[in-house]
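Residue numbers (our numbering): 76 to 193.
Data block below; observations after.
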């Protein structure tokens with residue numbers, strides 16, 4: 076029996092998470108994409124804490140006009156600015172089982188533009 080889209084994404088996500096891990100100096104940028112919104116957070120997997128987070132539901136981003144991809148770019152820039160304030164400039168990117176395409180790619184490019192190094 077074929078896997079559902081969700082089950083397939085979870086398998087891919089678990090395969091990625093075996094390799095990608097975040098530390099205090101190099102946290103993991105985790106991405107979650109729903110049909111309407113996109114969320115990103117910097118996670119220190121050693122202590123299990125979220126360092127900073129941003130989403131398309133934040134007031135300044137949700138009020139902005141534009142497509143979902145343009146809002147994803149703004150989310151990437153917002154999470155990068157918060158990371159730089161916290162003294163973090165290098166991260167490991169966790170696409171969360173999604174293809175590196177569309178909104179996920181826009182978020183990553185926005186974070187790179189704002190100064191994060193992957």
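We put the CB at the ideal spot given by N, CA and C, even for glycine.
Selection 183, 86, 137, 91 evaluated against residue 166 yields 183 as nearest (Cα-Cα).
A straight line joining the alpha-carbon of residue 87 with that of residue 175 spans about 12 Å. Looking at the backbone, the Cα of residue 151 and that of residue 111 are separated by about 16 Å.
Measuring C-alpha to C-alpha distances from residue 193 to each of 101, 94, 82 identifies 101 as the nearest. In the displayed model, residue 180 falls within a helix according to three-state DSSP. The beta carbon of residue 140 is closer than 8 Å to none in its chain, skipping five residues each way along the sequence. Annotation for residue 122: no alpha helix (DSSP H) segment contains it, and DSSP assigns it neither H nor E. Here the C-alpha atom of residue 83 lies approximately 10 Å from the C-alpha atom of residue 173. Under DSSP, residue 158 takes part in no beta bridge, so it has no partner.
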